[in-house]
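A.B. asks: Numbering (mature numbering (1 follows the signal peptide of the UniProt record, and there is no 0)), first residue to last: -18 to -1, 1 to 220.
Note that the Cβ used here is the ideal one computed from N, Cα and C, for glycine as well.
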Amino acid sequence: MELYIIIFTLTIVLSTSAESEHEAFEYAACSDIEEEYYIGYDEEEVGHVDFKQKRGVPTLPDFVGNITFPGIYAIGADAIVGCKRDLPRFIDTFKSLPLEIDLDAPQTSIYPKDDVQLGVQNTLICHVTGFYPPSVNISWTKNNVNVTEGMSLSQYRPRTDNSFNIFSTLKFTPAEGDIYSCTVNHKALQGQPQTKIWDVDVALPSVGPAVFCGVGVTLGLLGVAVGTFFLIKGHNCN
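(1) Compute the distance between the beta-carbons of L106 and T151, then report whether it is under 9 Å.
(2) CB E18 to CB A11, shorter than 9 Å?
(3) Give the range of the beta strand (DSSP E) segment to which H4 is assigned.
(4) Would you list, in sequence order, the uninterrupted beta strand (DSSP E) runs of no fewer than 3 residues that lie entirely inside the stretch 93 to 160?
(5) By a C-beta neighbour count over all protein chains shown, 10 Å radius and 16 as the cutoff for buried, is A61 buried or exposed?
(6) Residue 227 lies in the beta strand (DSSP E); which residues open and close that run?
(7) For T130 and W122, I'd like the C-alpha separation in whole angstroms.
(8) Taking the beta strand (DSSP E) that D32 belongs to, which residues open and close that run?
(9) Out of Y162, M133, A87, Q174, point me to the one whose CA is closest to P116's CA.
(10) So what's G58 in DSSP terms, helix, strand or just coil?
(11) Between which two residues does the beta strand (DSSP E) containing I15 stretch?
(12) Where does G202 fall in DSSP's three states?
(13) Could you name the residues that DSSP lists as bridge partners for D68?
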C-alpha cells in the first residue's frame, strides 16, 4: 500500500494589507517510495530538493536573477527523515479508515511556451490543475503516435484549496500540419481520459498588400508617362 503523508505546510503572511497580501510556504511529503520537499510563494514553486542528486534546485525564472537558497537540502532532508519515521504509524492508522475519498477532476490546457515559428524549436506546455488526490498520468502524441522523447514532468504543486497542479512539457520543432495532443488520466475521470489537442497552424505573411501596392505604383508611373507623352505632343503641335 502506498501512502502519501504531508508532514507540514507552513504559511507566512507577508503583508496585512488586503490589496497586497502574499504568502510564502514550505511543503514536505513522503510515501513508502517517494519523497518531496519544496518552498513556494503565492502558490508558485520557487525551489525544491532533488534527493537523488542531493542538492537544492532553484526554479525561479531567469529574469528574476540568480537567487539561491542556502541550506535547503539539509532542511528538506531533515523533514523527510521525520516523515519516514512517522510513516509506519500513519499506515497503521489509515488501514482502518474507508478507502473512499472525495475526488476532484483535473482541468487541462495546452499551449506553446514561445511564439510559434516554423522550423524553430519550441516547447509545448500541458497544464493540469484542480485535481485531487495528487496522482495523474500524462502522455503525449504527435500525429496520433505516442512520443516520450523531449518530455518532462514537474512535481505536484499544492493549491490553497487543497487540490494540486502539475506541468508536463514537450520539446518540439513546429512543422505545418503537425497535430499534438496531451492526455490526462485521473481517478476522478472514471476511466475516461481527458485529451487536449494543439495543431501547428502558423499564418504565413500575406502577399496581397504587396501585390496591390506594386500594381498601384506601376499604374501610377504608367499614368505619369502617358501624361508626359501627350504633353510633349501637344507642345510640338503648337
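C.D. replies: Based on what the coordinates show:
(1) yes
(2) Between E18 and A11, the CB-CB gap stays under 9 Å.
(3) H4 -> no beta strand (DSSP E), and no H or E assigned at all.
(4) 104 to 113, 119 to 124, 127 to 129, 133 to 135, 146 to 154
(5) buried
(6) This structure cannot settle anything about residue 227, because the visible part of the chain is limited to -18 through 220.
(7) 7 Å
(8) 26 to 32
(9) The shortest Cα separation from P116 among Y162, M133, A87, Q174 belongs to A87.
(10) helix
(11) Per DSSP, I15 belongs to no beta strand (DSSP E) and is neither H nor E.
(12) Any answer about G202 is weak, because its pLDDT of 47 lies below 50 and its placement is not dependable; what the coordinates show is given next. In the structure shown, G202 sits in a helix (DSSP, three-state: H, G or I).
(13) Its beta-bridge partners do not exist; DSSP assigns none.
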